[in-house]
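Worksheet: the structure to be examined is printed underneath.
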Amino acid sequence: MSDGHQHNGNEKVPSRQRRRFPGISSRAYEHPADRSALVALRKLTGFDTVFKALSGLLPERSLRLLFLSDSVRVSDRQFTHLNVMLRDACYILDLEKVPPMYVKQDPTPNAMCIGMDEPIIVVTTGLVELLDEEEMRAVVGHEVGHALSGHSVYRTILLFLTSLAVRVAWIPLGNVAIMAIVTALREWFRKSELSADRAGLLVGQDPQASMRGLMKIAGGNHLHEMNVDAFLEQAEEYEAGGDLRDSVLKILNVLPRSHPFTTVRAAELKKWAETREYQRVMDGHYPRRDEDKDASVRDSWRDSASSYAGDVKNSKDPLMKLVSDIAGGAGDLGDRVRRGFGGFTSSGPRPAHGPDGPGEPGASPDPDGGAGGNGRPPRDGA
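At position 53 of the sequence shown the residue is numbered 49 (the working numbering), and the sequence of numbers has no breaks.
Below you can see the structure in the form of structure tokens.
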């Protein structure tokens, strides 16, 4: 490693053969769906009230003391290689204040960026032991991206509300109100993960390392048994496979999650890495932070709408194809819907009694079956 650069006037950070992005705005890497979901979240009835109330109530001091007392703080004397990566990531994304980072004993690979006033980055020992240097660099960049985007505030609220929802589950109306906000927060947070994955790529600048990291989070430390191309093929099969029943099950599976599925994240990141937008950022053409105040909310909505429309148009998912056809005015949609959901009803001949006859109903989908929920609080996984 060559000589370091000066950062913040007195702090040396490692010199890397990677591009740096002075003054970069988080708008440069934020997924359009991330921005639109956050705007929708802020418009949710009651969210402003909850946000203002929690801003003064969340025990952030307690949280910081907890990590200080029961985790290992990354520094130039502890987990030195992580400290180098953290300072490097902040240097590349031009984050002026380096967030404190802690390593927590936990065999589950995980990382998160939390905090109301100032972000804190936490990584587990399971993650540190799973990933190699370049894969870990992308993860650290991912978390620094969360910090630069200001995601840690909403992430902290999500953690608190998820815990609160469990405690007040016996209060019907109270629980419904909280879960409405939790559901909206999860929807936004899944989109924010796509943004942070892009930030990780800008820091690591190694698409293969980013893909490998996601693959190992899904399948463990058996790299010799896995293949990135085959892993990405799974994402394509997941998107295109099945019929309308599978489309509905995909929605039910993802609702309780705070993260998109790893194959989907890998495919989304690969898609972005191949765009002109990514290349322009790498060439130094990106929005600056000092321009954020002049950014148009209307333009953000237009970009989000365009992104969603493109996703629907190009998607191979049966439900998205149907939506696209409806928008395009395709005929005979009723018959296509009946065929798509045919598996939910008996495939045998209809009884002669007519529509009011005692036809044998088929198995209805279990809204809780295969939903993917694990009963644990949502985590800002790497």
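For each residue, glycine too, the CB sits at the ideal point set by N, CA and C.
DSSP places Arg133 within a helical segment (H, G or I) once states are collapsed to three. For the set Gly111, Leu91, Val119, Pro115, the Cα lying nearest the Cα of Thr104 is the one of Val119. Using a Cβ distance threshold of 7 angstroms, Lys187 and Ala24 do not count as a contacting pair.
The beta-bridge partner set that DSSP reports for Arg285 is empty. Taking the Cα positions, Gly19 is about 42 angstroms away from Val244.
In the same chain as Trp268, and ignoring 5 residues on each side of it, the C-beta atoms closer than 7 angstroms to its own belong to Arg194, Tyr274, in chain order. Fully enclosed beta strand (DSSP E) runs of no fewer than 3 residues occupy 107 to 110, 116 to 120 of the segment 101 to 134, in order along the chain. Closest in C-alpha terms to Leu59, from the list Leu123, Cys109, Met207, Arg31, comes Cys109. Note on geometry: alpha-carbon atoms of Leu61 and Glu229 lie some 44 angstroms from one another. Ala226 and Ser65 have their C-alpha atoms roughly 43 angstroms apart. Around the CB of Arg83, 16 or more other CB atoms lie within 10 Å, so the residue is classed as buried. Annotation for Asp225: the continuous alpha helix (DSSP H) segment containing it runs 224 to 236. Inter-residue distance for Thr271 and His218 is about 30 angstroms (C-alpha atoms, whole angstroms).
Pairing Ala192 with His255 gives a Cβ-Cβ distance that is not under 7 angstroms.
Around the Cβ of Ala236, a 10 Å sphere holds fewer than 16 other Cβ atoms; the residue is exposed. Per the coordinates, the alpha-carbon of Ser67 lies some 16 angstroms from the alpha-carbon of Glu125.
Here Asn223 is exposed: its Cβ has fewer than 16 other Cβ atoms, across all protein chains shown, within 10 Å. Ranked by Cα distance from Pro96, the options Val80, Gly141, Pro115 are led by Pro115.
Beta-bridge partners assigned by DSSP to Ile88: none are found. The C-beta separation of Val70 from Arg133 comes to about 14 angstroms, leaving the pair out of contact by the 8 angstroms criterion. Ranking Asp290, Asp286, Met278 by CA distance to the CA of Phe17 puts Met278 first. Note: Tyr98 is bridge-paired with Arg69, Val118 in the DSSP secondary-structure output.
Boundaries of the alpha helix (DSSP H) around Gln204: 203 to 215.
Beta-bridge analysis with DSSP links Ile20 to Arg284.
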